[in-house]
Amino acid sequence: MSEAEPNPVDTGGPVKGRPARRAGTARATLRSMLRSKPATAGLVLVAVHVLIALLAPLLTPYSPTANAPGSALLGPSAGHWAGTDALGRDVLARVLHGGRYALTVSFAATACAVALGTLVGCAAALKGGRLDGLVMRVLDAVLAVPPILALLVVVTVLGAGPAVIVLAVTVVYAPQVVRVVRAAAMGVAPLDYVTAARARGERTFPILVREVLPNIADVVSVEFAMRASWVVLLISSLSFLGFGANPPTPDWGLMIAENRTAMTVVPWASLAPIVALATLVLGLNLSADGLAKAWGVDRVKEAQ
Amino acid sequence: MLTFLTRRLLSAAGTVLLAALLVFAAVQLLPGDVATQVLGQDATPEAVAALRDQLDLNRPAALRFVEWAAGAVRGDFGTSLVSGEPVAGSLWLHLRNTLLIAAATVAVAVTSSIVLGVVAGLYRDRWPDTLISSLTLAGMSVPEFVVATLLVLALSITVPVLPAVVLDEASAPVGDLLPAVVLPTVALSVVMTAYIVRMTRTSVIDVMASEFVTTARLKGLGAWRVVVRHALPSALLPTLNVIAMNVAWLVGGVVVVENVFNYPGIGKLMLEAVHSRDLPVLQAVAVVGAVVYVLCNLAADLAAMALNPRLRTGERSAR
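Sequence lines, in order, name chains A and B. Each number in the working numbering comes from the position in the first sequence (counting from 1) with 6 added on. Each number in the working numbering comes from the position in the second sequence (counting from 1) with 1 added on.
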C-alpha cells in the first residue's frame, strides 16, 4: 500500500537526474551484476536450470513418464541416482524434465502479467484523472482476493490447463505490476521531454512507447525478475494442490505431492524435486536482487 | 480525522463490494451455463433444469448478485450444493480453525521478523546480518508446502512428536486442535518472517542513518533507548504495510499448508469446494478472503496513523 508513503515518486521511480541511464545497456548491466558474487551465483543457477530443461532428454537414459512396476520405490543406486517413485519411474529423469513445465508456464505467465501491468500502469499514469481513479479502484478489488483463492476460482470455472493458468496468473499479478509501474511512470510523466512530446501533439501511445517506457525500463525489468520467482512458487503450489500440471507430466510441485506419502521409504523422491525447486527460486531471487542493485531500484520498497 | 476515518471505512466497504462482484462474475458469468459446469457435460436435461431452479439461474444475474450480497451481509451465504446445508455454518467453523493458525502465525512471524530485522539492520554487513540475510533468502526461496513437508519429515517421522495429519472434524473443540496448529504455524511463519525481515532491515538501516537518530545519539542517549524509543517507531511504519500485504499472502498460504496437514480450516473447505464444484462455498470463501485482506489493510493504515503524527492531520486524501 503506497498510502503511507507521502510521496509516491519515492517508491523507487526513476530519480530525477540519475546519472546516464543509458548505462543500463545489456553489457554494462551484466558486468555490474557479475561483480557481485550473489548475483553471479543467481545467474548461474538460473542458466543451469534453463540448460537442464533444454537438454533433459540427453542427460538421462530414462523416460520421465514410463512406468516400471518391477522397480518401484528403489533407493538411490548406480542405476537410479535418486531412486524411483511408487510407479517405478526414475526420480532423476523426472526432476530433470520437471523444469520444462515450471519454466515455460512461469515465463509465459510472468511475461503476460508484466506486459499487461506495464501497459495499464503507464496508461493510468499518463492519462490520469478519471481513468486513473477507476483503474486503481478496480485493481484494489482484484488485489483484495488472495492470489491462490483467485487462481482456484478461475481454475474451477475454466478447468486446469497451461493456458488457463497463464491467464489466471496474469489476472492475479498484473494489478501489483500496475501499481509499481504507475508509480514509476508518474515520476517520468511531469518531466520536460514528456511535456515536449505532448506539445508536439503526439498521441498517448507513441509517448508511452518512445518517451516513458525506455525511461522506466529498469523498474519494469526488476519487476519482471522478482515477479518471476513468485510466479514459480505460486505455480508449483498449484501443481502441489493438484490443479497445475496433470499427471503423468513431470513437475516438481506435483512430484512432491505424489511422493510425500512414501517419504519414509524413499525420501529422495521428495527431496530431489524440493532441491530443484528451491535452487531455481533462489537463483531467480539472487538475480532479481543483483539486477535491482545494478540499476539502483530499491527492490524491497518496490514490493509494497 | 473523523472525516478521514469515515472515508477510509467507506472506501474499504467499496473495495469489498467490488471484490465480491468480481468473484461473483468470475464464478457465475464467465463460461456458458453454470448448471452444466457443475453437473458435467453428460448430465440429464432434467438434472440441469433442477439445479438451474435451485440456483435461481433463470433470473437475471444482477438481481441474483444483489440478493446474494444482501444475504452475505446478514451472514447468509446460501446453501451448499453438496451437503444441502447452509454454507455459513461450516464456513464459520472452518474460519475459526484457520484463525487459530493465522493468529499464531502473525504473532510468531511479526515478533521474530522485527527482532531479526532490527538485529540485521543494526549489524549491517557484519556476520549477524549476513547470517540473517542468507536465512531470509533461503526462506523466500522455498514454498510453504516444502517447509511443511520437511517439518513433517523432521518432527512427525524422524522424531515423532507432533501429528503429521489432523484427524479432527471441523467442529472439534479448540483444545483438541491445538497440537495440530503447531506445525502449520511454524511452516507459515518461516516463509512469512523471511518476507518481513527484509523490509524491517531496510527501514532500520534507513532510519538509523537519519538526522533525528544522530541527534538522539549526540544527546548522549544510550544505544538501547535510541533504538527502541527513537528509531523503532519510524522503522516500523513501512514494515506495517508489508505485514498487511503478507497477511493477504497468509490467506493463500493457509490453503496450501492446511492441505498438507489435512487441517479442517478454510483452505480445506475451499479445496473440497473446488473438487466438488460447490459454487456457493467457493464464492463465500473468496469473499471472506477479500474481507480479511481489506480489514488487515485498514488495521495497518490505522496503526500507521497511530505511529505517525503527520498522518493524523488529515492532509492526505483518501484513496
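C-beta atoms are modelled at their ideal positions from N, C-alpha and C, and glycine is treated no differently.
Contact check between the segment 116 to 132 of chain A and the segment 283 to 291 of chain A: fewer than three CB pairs, one atom from each, fall below 8 Å, which does not count as touching.
Assignment of P75/A by DSSP, reduced to helix, strand and coil, places it in the helix class. A check of alpha carbon separations from V255/B across L101/B, V229/B and T112/B identifies L101/B as the nearest.
A distance of 8 Å or more separates the beta carbons of A119/A and L23/B.
Pairing V282/B with A291/B gives a Cβ-Cβ distance that is not under 8 Å. By the criterion of a C-beta distance shorter than 7 Å, S112/A is surrounded in its chain by A234, V237, V238 and I241, once the five residues flanking it on both sides are discounted.
Rounded to the nearest whole angstrom, the CA to CA distance from V83/B to S69/A is 41 Å.
With respect to G289/A, H55/A sits close: the two C-beta atoms are nearer than 8 Å.
Bounds of the alpha helix (DSSP H) holding D295/A are P273 to W301. Taking CB atoms only, P256/A has no neighbour in chain B less than 8 Å away.
Counting other Cβ atoms within 10 Å of its Cβ, P265/B reaches 16 or more and is therefore classed as buried. Using a Cβ-Cβ cut-off of 8 Å, A27/B counts as an interface residue toward chain A, since at least one Cβ of chain A sits closer than that to its own. The straight-line gap separating the alpha-carbon atoms of V192/B and A48/B is approximately 46 Å.
Listed in chain order, the alpha helix (DSSP H) runs fully inside the segment 215 to 240 of chain A amount to none, counting runs of at least 4 residues. Here the segment 112 to 123 of chain B makes no contact with the segment 288 to 306 of chain B; the two share fewer than three CB pairs at distances below 8 Å. By the Cβ-count criterion, G193/A is buried, with 16 or more other Cβ atoms from all chains shown falling within 10 Å of its own Cβ. Between V183/B and the set D130/B, S91/B and P164/B, the nearest pair of CA atoms involves P164/B. In summary, R206/A is exposed, with fewer than 16 beta-carbon neighbours lying within 10 Å of its beta-carbon over all protein chains present. With a threshold of 8 Å between beta carbons, N260/B makes contact with chain A.
Taking the Cα positions, A26/B is about 42 Å away from L49/A. Taking 8 Å as the cut-off, the Cβ atoms of V144/A and L19/B count as close. Within its own chain, the residues whose Cβ lies closer than 8 Å to the Cβ of L251/B, once the five positions on either side in sequence are excluded, are A103, T106, V107, L189 and M193, listed in chain order.
Bridge pairing for P87/B: T80/B [DSSP]. The residues A59, in chain order, have a CB closer than 6 Å to that of L109/A in the same chain once the five nearest residues on each side in sequence are set aside. Between L280/B and H95/B, the C-beta gap is not smaller than 8 Å, which leaves the two residues out of contact. In the structure shown, D198/A falls within a helical segment according to DSSP collapsed to helix, strand and coil. Leaving aside the five residues that flank T16/B on each side, the residues in its chain whose CB is nearer than 7 Å to its CB run, in chain order, V295.
Residue contact with chain A for A291/B: present (Cβ-Cβ distance below 8 Å to some residue of chain A). Every unbroken stretch of the alpha helix (DSSP H) spanning 4 or more residues and falling wholly within the segment 109 to 172 of chain B is given here in chain order: 128 to 142 and 145 to 153. Under a 10 Å Cβ-count criterion, H86/A is classified as buried, with 16 or more other Cβ atoms of the shown protein chains found around its own Cβ. Annotation for E212/B: the continuous alpha helix (DSSP H) segment containing it runs E212 to L219. Here G268/B has T99, V255, V256, V257, V258, E259 and N260 as same chain residues with Cβ atoms under 8 Å from its own Cβ, once five neighbours each way along the sequence are excluded. Going by C-alpha positions, V214/B is about 7 Å away from V208/B. R37/A and R8/B have their C-alpha atoms some 50 Å from each other. When secondary structure is reduced to three states using DSSP, D96/A falls in the strand class. Within its own chain, the residues whose Cβ lies closer than 7 Å to the Cβ of S293/A, once the five positions on either side in sequence are excluded, are A45, G48, L49, V52 and A231, listed in chain order.
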